[in-house]
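Chemist: My questions will all concern the structure given below.
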Amino acid sequence: MVADVSPEDSLVLRPLPAITRIVIADRNAITRVGIRSILERNAGVAVVAEATTYDSVINAIDEHAPDILIFDLDLGDDTTRGLKICGEIVAHYSETKILILAETLSELIVIEALRCGANGFLCKDDLRADELSKGVKAIQEGDTVLGRGVGSLVAKCLGSPREKAGHLTEREVVVIRAIARRLSNKEIAREMFISESTVKFHIQNASKKLKSHRRAELVHRATAAGLIA
Numbered sequence: 002m003v004a005d006v007s008p009e010d011s012l013v014l015r016p017l018p019a020i021t022r023i024v025i026a027d028r029n030a031i032t033r034v035g036i037r038s039i040l041e042r043n044a045g046v047a048v049v050a051e052a053t054t055y056d057s058v059i060n061a062i063d064e065h066a067p068d069i070l071i072f073d074l075d076l077g078d079d080t081t082r083g084l085k086i087c088g089e090i091v092a093h094y095s096e097t098k099i100l101i102l103a104e105t106l107s108e109l110i111v112i113e114a115l116r117c118g119a120n121g122f123l124c125k126d127d128l129r130a131d132e133l134s135k136g137v138k139a140i141q142e143g144d145t146v147l148g149r150g151v152g153s154l155v156a157k158c159l160g161s162p163r164e165k166a167g168h169l170t171e172r173e174v175v176v177i178r179a180i181a182r183r184l185s186n187k188e189i190a191r192e193m194f195i196s197e198s199t200v201k202f203h204i205q206n207a208s209k210k211l212k213s214h215r216r217a218e219l220v221h222r223a224t225a226a227g228l229i230a
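Heads up: the sequence shown begins at 2 in the numbering used here, then just goes up one per residue.
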């Protein structure tokens, strides 16, 4: 015979509603599983959707209206598009906050992500589980979260007269020097320990600054300006 269950007892058996609803956007399945596992250990946190392409990020935000998007900008080797999506989310889905989770640190990408409206930037390479959980909580409470090394990098970039004058960053100079050695984007990425999309991003920005349209022209203009030997 089944024992009677009081109304009070039945309420205890129901799952508590999520206080913080999260969408994870990362093309690596293992990374997504790991993030979900870490975050859902915390009471009141639920991962409501996962995205693996740029288009599916917007679809997930539109459908689920999450509190936080955890976003790897390199979903399709196009960091520039990832940054544009950040701007779109800020403009059209202002209730959703954005935490960038990147493979490596790039000063220019960090600055551009924050300018586009990202609420936090963490690096996967040295990220601990408790830091991710604390970062999500802090962003939900309205704070800006910068991982280890990110804060000092931001301060350096914003305080550099060369940056304000629109000159090439150190990373851009390194990339142009590598182009001058006739290395491909893949080879440059491997040598600098960054993604190919980050290499493309540096090339695009350097090309805009030096008003060049081809790799050879980029090297020529940088050399003529005395920016590389």
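Note that the Cβ used here is the ideal one computed from N, Cα and C, for glycine as well.
Predicted, not measured: the structure shown is a model, and the values here were computed from it.
Would you list the one or two residues that DSSP bridges to residue 173?
Modeler: Per DSSP, residue 173 has no beta bridge partner at all.
Chemist: In chain order, what residues of the same chain have a beta carbon less than 6 Å from the beta carbon of residue 91, not counting five sequence neighbours either side?
Modeler: 118
Chemist: Quick one: what's got a C-beta closer than 7 Å to residue 206's C-beta in the same chain, skipping five residues either side?
Modeler: 109, 173
Chemist: List in chain order: all unbroken alpha helix (DSSP H) runs of 4+ residues lying wholly within the segment 57–103.
Modeler: 80–93
Chemist: Given residue 61, which residues of its chain have a CB within under 6 Å of its CB, disregarding the five upstream and five downstream residues?
Modeler: By the criterion of a C-beta distance shorter than 6 Å, residue 61 is surrounded in its chain by 24, 50, 52, once the five residues flanking it on both sides are discounted.
Chemist: Are the beta-carbon atoms belonging to residue 149 and residue 131 less than 8 Å from one another?
Modeler: Taking 8 Å as the Cβ cut-off, residue 149 and residue 131 do not qualify as a contacting pair.
Chemist: Between residue 192 and residue 179, how many whole angstroms is the CB-CB distance? I'm expecting something under 8 Å.
Modeler: Taking a contact as a CB-CB distance under 8 Å, the pair residue 192 and residue 179 counts as one, their CB atoms being some 7 Å apart.
Chemist: DSSP three-state label for residue 123, please.
Modeler: strand
Chemist: The alpha helix (DSSP H) that contains residue 192, what's its start and end?
Modeler: Run containing residue 192: 186–193, per the alpha helix (DSSP H) assignment.
Chemist: Mark residue 217 as exposed unless 16 or more other C-beta atoms lie within 10 angstroms of its C-beta, in which case mark it buried.
Modeler: exposed
Chemist: In or out: residue 210 buried (at least 16 other Cβ within 10 Å) or exposed?
Modeler: A residue is called buried when at least 16 other Cβ atoms come within 10 angstroms of its Cβ; residue 210 meets this threshold and is buried.
Chemist: Taking the beta carbon of residue 63 as the centre, do at least 16 other beta carbons fall within 10 Å, making it buried, or is it exposed?
Modeler: exposed
Chemist: Helix, strand or coil for residue 218 per DSSP?
Modeler: Helix, per DSSP.
Chemist: Under 8 Å by Cβ, that's how I've got residue 195 and residue 105 pegged, so tell me the actual separation to the nearest angstrom.
Modeler: 5 Å
Chemist: Apart from the five residues on each side of it in sequence, which residues of its chain come closer than 6 Å, Cβ to Cβ, to residue 98?
Modeler: Excluding residues within five positions, the ones whose Cβ falls inside 6 Å are 69, 120, 140.
Chemist: Could you name the residues of the same chain whose beta carbon sits closer than 7 Å to that of residue 228, not counting the 5 residues immediately before and after it, in chain order?
Modeler: Same-chain partners within the cutoff: 169, 174.
Chemist: Return the CA-CA distance between residue 48 and residue 221, expressed in angstroms with no decimal places.
Modeler: Between residue 48 and residue 221, the C-alpha separation is close to 49 Å.
Chemist: Apart from the five residues just before and just after residue 41, which ones in its own chain have a Cβ nearer than 7 Å to its Cβ?
Modeler: 47, 48
Chemist: Among all the DSSP beta bridges, which residues are the ones paired with residue 237?
Modeler: The displayed coordinates of the chain run from 2 to 230. Any statement about residue 237 would go beyond what the structure contains.
Chemist: Which value, in whole angstroms, describes the spacing of the CA atoms of residue 199 and residue 27?
Modeler: Take the alpha-carbon of residue 199 and the one of residue 27: they are about 16 Å apart.
Chemist: Below 8 Å on the Cβ atoms is my guess for residue 100 versus residue 146; work out the distance and round it to an integer in Å.
Modeler: That belief holds up - the Cβ atoms of residue 100 and residue 146 are roughly 7 Å apart, short of 8 Å.
Chemist: Can the beta-carbon of residue 114 be found closer than 8 Å to that of residue 73?
Modeler: no
Chemist: For residue 147, which of helix, strand or coil comes out of DSSP?
Modeler: strand
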